[in-house]
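Residue numbering for the sequence shown follows the numbering used here, starting at 6 and increasing by one per position. Note that the Cβ used here is the ideal one computed from N, Cα and C, for glycine as well.
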Amino acid sequence: MTRTKAGISLVLLVCLMASLVLSVACSRGDSSEWVGATPLEEALSNGKPTVAEFGAATCIPCKRMKPVLEELIAEHGDKLNLSFTDVRIHTSIAAKYKIVYMPTQVFFDSGGQEVFRHVGFWPKEDILTRLEELGLL
Numbered sequence: 006m007t008r009t010k011a012g013i014s015l016v017l018l019v020c021l022m023a024s025l026v027l028s029v030a031c032s033r034g035d036s037s038e039w040v041g042a043t044p045l046e047e048a049l050s051n052g053k054p055t056v057a058e059f060g061a062a063t064c065i066p067c068k069r070m071k072p073v074l075e076e077l078i079a080e081h082g083d084k085l086n087l088s089f090t091d092v093r094i095h096t097s098i099a100a101k102y103k104i105v106y107m108p109t110q111v112f113f114d115s116g117g118q119e120v121f122r123h124v125g126f127w128p129k130e131d132i133l134t135r136l137e138e139l140g141l142l
């Protein structure tokens, strides 16, 4: 019985170590990987509406959102900010904005007030429609 407990303890320890290593490896990445991304606080204070993407560099739906948002900024960057916050790295910012799921897009008006929130992948055409409905474009 003692050998069985020791074996189980060893397996649990190995699993714990593996999960720790994976969580560190999966949390790498920052906003510098996003073309046109601006730090959130800077974006909210520069007088332009902001689309803030909260996600992670390793999140599959977040990776799908990246080119959509970069296209949006390439086409409308003169009127709009894009901010990307990796919630696995910047946990305090994620907590401040009550981010629970990834990706989450939060729209802020030119005064920095939240006006809309969406969770999950979102096609560019739908984002543009919502920006226009909110008067942000």
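Would you give the residue range spanned by the beta strand (DSSP E) that residue i belongs to?
i: valine 111; result: 109-113
i: leucine 87; result: 86-91
i: threonine 55; result: 55-60
i: valine 120; result: 119-124
Can you tell me where the alpha helix (DSSP H) with residue i in it begins and where it stops?
i: leucine 77; result: 65-81
i: arginine 135; result: 129-138
i: threonine 96; result: 96-101
i: leucine 45; result: 45-49
If you drop the 5 nearest sequence neighbours on each side, which residues of the same chain put their C-beta closer than 7 Å to that of residue i?
i: phenylalanine 121; result: Phe112, Arg135, Leu139
Among the options, whose alpha-carbon lies nearest the alpha-carbon of residue i?
i: arginine 93; options: Met107, Glu47, Asp83, Glu46; result: Met107
i: isoleucine 104; options: Gly60, Ser50, Pro54; result: Gly60
i: aspartate 83; options: Glu75, His123, Phe89; result: Glu75
i: lysine 68; options: Glu47, Leu141, Pro128, Leu133; result: Pro128
Classify residue i as helix, strand or coil using the three-state DSSP reduction.
i: leucine 142; result: coil
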